[in-house]
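Beneath this line is the structure, given in structure tokens, with notes to follow.
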Amino acid sequence: MRDQTSIKLREIGLKVTPQRQAILKLLKISRTHPSAENIYHEIIKDYPGISFATVYNTLSKLAEAGEIQELDIDPNKKRFDPCLSHHCHFYCRVCKKIYDVDDDLTLPKGTERISEHEIEAIQINLKGVCKACSGKGRG
Ligand SMILES: [Zn+2]
Ligand SMILES: [Zn+2]
8 MRDQTSIKLR
18 EIGLKVTPQR
28 QAILKLLKIS
38 RTHPSAENIY
48 HEIIKDYPGI
58 SFATVYNTLS
68 KLAEAGEIQE
78 LDIDPNKKRF
88 DPCLSHHCHF
98 YCRVCKKIYD
108 VDDDLTLPKG
118 TERISEHEIE
128 AIQINLKGVC
138 KACSGKGRG
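When the letters of the sequence shown are read in order and numbered with my numbering, they come out as residues 8 to 146.
The following block contains the structure:
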């Protein structure tokens with residue numbers, strides 16, 4: 008059976024195991040920007056023998072290969088995003104949720120090069136209190 012997840016795993020040089028396939032599947036449908044811990048707690052329900060290191064290493068490899076994005080927005084842990092399109096993130100310091108922000112915030116024109124450095128990627132991290140936590144999301 009040809010399965011997208013096994014093709015991907017082989018592409019980035021990882022041995023295909025049901026555990027790794029489950030990690031990849033879970034990530035691809037995830038919209039909550041999970042941490043390695045979140046994914047570990049989900050995967051262990053179906054694969055009780057899996058170690059945290061396996062989950063963590065698989066995530067690192069996937070991020071290295073550009074299959075998922077690694078976000079530095081949460082001060083406590085790395086978070087992962089399967090959505091590879093350029094978008095900004097908002098981090099709520101109260102509920103620790105990460106929201107996708109569709110507004111296209113980019114650097115002002117002319118700043119693609121700063122101090123002779125060529126900028127290849129920009130991550131815009133917005134932080135604060137989300138509308139649900141500030142009470143404005145109700146009603
Ligand atoms: Zn919140
Ligand atoms: Zn995102």
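Beta carbons: idealized from backbone N, C-alpha and C, even for Gly.
Helix or strand or just coil, what does DSSP make of residue i?
i    : result
C137 : coil
E44  : helix
Q11  : helix
Q130 : coil
L91  : coil
G146 : Note on G146: pLDDT 47, under 50, position unreliable in the model; the coordinate value appears next. G146 falls in the coil class under three-state DSSP.
L33  : helix
If we ignore side chains and look at the alpha-carbon of each, how far apart do residue i and residue j end up?
i    : j    : result
C102 : K22  : 36 Å
K32  : I50  : 10 Å
K15  : G142 : 42 Å
R38  : P55  : 24 Å
In chain order, what residues of the same chain have a beta carbon less than 7 Å from the beta carbon of residue i, not counting five sequence neighbours either side?
i    : result
K104 : C137
H94  : D107, V108 and D109
Q11  : none
Measuring CA to CA, which of the options is closest to residue i?
i   : options               : result
V62 : I19, E127 and I30     : I30
H40 : T24, F59, K68 and L91 : L91
Keeping to the same chain, check which residues put their C-beta closer than 8 Å to that of residue i; ignore five residues upstream and five downstream.
i   : result
A43 : F59, V62, Y63, L66, K84, K85 and F87
TODO: Just jot down, in chain order, the residues whose CB lies closer than 6 Å to any heavy atom of ligand 2.
DONE: Selection output, chain order preserved: H40, D88, C90, H94, H96 and D107.
Task: Heavy atoms of ligand 3 versus C-beta positions, residues under 7 Å - done: Among the ligands in the structure shown, ligand 3 does not appear; only ligand 1 and ligand 2 can be found there.
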